[in-house]
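J.:
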Amino acid sequence: MLYGIISDIHGKVKALHKALSLLKEVDQIIFLGDVPNYRDGAGFYETLEILHQEKVIAVRGNCDAYVLYNHRPEEVKEHLWDFYEAWPTERRIGEDILLLHGGPRDPLGERIHNEEQAWKNFNVQDFRVCFHGHQHTLTCFEYHEGDVRQILLQDGQVFSLQKDCRYIVGVGSVGEPRDHKLGSFVLYDQDKEEIQVKRFSLA
93 MLYGIISDIH GKVKALHKAL SLLKEVDQII FLGDVPNYRD GAGFYETLEI LHQEKVIAVR
153 GNCDAYVLYN HRPEEVKEHL WDFYEAWPTE RRIGEDILLL HGGPRDPLGE RIHNEEQAWK
213 NFNVQDFRVC FHGHQHTLTC FEYHEGDVRQ ILLQDGQVFS LQKDCRYIVG VGSVGEPRDH
273 KLGSFVLYDQ DKEEIQVKRF SLA
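In terms of my numbering, the sequence shown is residues 93 to 295.
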């Protein structure tokens with residue numbers, strides 16, 4: 093099974109279309125939260141409609157949670173709101189793969205920027221690989237026998253997951269990257285146990 097994992101669109105419909113054009117060969121798209129635009133709500137309805145059409149597996153982000161506390165906007169059809177409202181704060185693929193927006197310690201608000209933060213998150217839930225968004229940066233941390241190291245992944249690089257290790261992978265952002273001028277997503281090949289980082293132009 094080949095998964096395309098995206099996060100943090102924030103109303104950037106053009107960037108979402110660009111990412112999806114590069115994900116045509118995947119078996120399933122996973123979205124790790126945050127549909128709304130920070131500034132003016134632009135692109136919210138269009139983004140939600142596209143995600144629904146693509147039949148994504150999705151989890152709720154902190155910005156989604158904020159929007160969902162309010163009433164459904166008039167322009168959002170009821171079936172789309174129901175789809176949106178049904179997103180949980182975390183999901184699993186089997187027992188090994190954890191999907192959430194923030195991190196295992198706080199599924200909505202956690203940020204994992206360094207090895208110390210990663211170590212704390214490895215030790216609150218049992219998982220083999222955790223994919224997350226929220227911080228808008230590409231990161232990868234590996235846990236082995238109590239030690240954590242950060243792995244720097246380059247665009248296009250294929251990285252094989254080691255059998256005796258665990259991983260926390262930040263997939264970056266489709267619409268609002270903070271570590272690069274390019275958007276990003278991650279491919280996860282469940283059969284080969286490989287991940288690959290992809291960056292793309294937002295223009």
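All C-beta atoms, glycine included, are put in the ideal place defined by N, C-alpha and C.
Which same chain residues, not among the five before or five after residue 148, have their C-beta less than 7 angstroms away from its C-beta?
T.: Closer than 7 angstroms at the Cβ level, and outside the excluded window around residue 148, lie 121, 122 and 123.
J.: Bridge partners for residue 189 per DSSP, in chain order?
T.: Per DSSP, 185 and 221.
J.: Alpha carbon to alpha carbon, how far is residue 291 from residue 96?
T.: One C-alpha to the other measures close to 13 angstroms.
J.: Does the separation of the CB atoms of residue 258 and residue 224 fall below 9 angstroms?
T.: Taking 9 angstroms as the Cβ cut-off, residue 258 and residue 224 do not qualify as a contacting pair.
J.: Go through the segment 223-265 residue by residue and report every complete run of the alpha helix (DSSP H) that reaches 4 residues or more, in order.
T.: If we require 4 residues or more, the segment 223-265 turns out to have no alpha helix (DSSP H) run fully inside it.
J.: Name, in chain order, the residues that DSSP records as bridge partners for residue 198.
T.: Note: residue 198 sits in a beta bridge opposite 195.
J.: Alpha carbon to alpha carbon, how far is residue 228 from residue 253?
T.: Approximately 22 angstroms, taken between the alpha carbons.
J.: Quick one: is the Cβ of residue 202 within less than 8 angstroms of any heavy atom of the ligand COA?
T.: With respect to small molecules bound, the structure shown includes none, and the ligand COA cannot be examined in it.
J.: Grouping DSSP H, G and I as helix and E and B as strand, with all else coil, what is residue 94?
T.: Here residue 94 sits in strand by DSSP.
J.: Measure the CB-CB distance between residue 176 and residue 200 and report whether it falls below 9 angstroms.
T.: Taking 9 angstroms as the Cβ cut-off, residue 176 and residue 200 do not qualify as a contacting pair.
J.: Between the alpha carbons of residue 271 and residue 288, how many angstroms are there, rounded?
T.: C-alpha separation (whole angstroms): 17 angstroms.
J.: Rounding to the nearest angstrom, what Cα-Cα distance links residue 216 and residue 241 in this structure?
T.: The straight-line gap from Cα to Cα measures roughly 18 angstroms.
J.: Going by the DSSP bridge assignment, what does residue 120 pair with across the sheet?
T.: According to DSSP, which records beta bridges pairwise, residue 120 is partnered with 95.
J.: Of the choices 266, 281, 284 and 279, whose alpha-carbon is the least far from that of residue 294?
T.: Here the closest residue by C-alpha is 266.
J.: Helix, strand or coil for residue 113, going by three-state DSSP, please let me know.
T.: Helix.
J.: In chain order, what residues of the same chain lie with their CB nearer than 6 angstroms to the CB of residue 173, ignoring the 5 residues before and after it?
T.: Counting only Cβ-Cβ distances below 6 angstroms, and skipping sequence neighbours, we find 164.
J.: Since I believe residue 119 is in contact with residue 99 (beta carbons under 8 angstroms), could you give me their beta-carbon distance rounded to a whole number of angstroms?
T.: Not really, about 18 angstroms apart at Cβ, beyond 8 angstroms.
J.: When the Cα of residue 136 is compared with those of 207, 167 and 197, which residue comes out closest?
T.: Per the Cα distances, 167.
J.: List the whole-angstrom C-beta distance separating residue 189 from residue 220, where the pair is believed to meet the contact cut-off of C-beta under 8 angstroms.
T.: So it is a contact: roughly 7 angstroms between Cβ atoms.
J.: With a CB to CB cut of under 7 angstroms and the five nearest residues on each side skipped, what residues in its chain are close to residue 114?
T.: Hits under 7 angstroms: 290 and 292.
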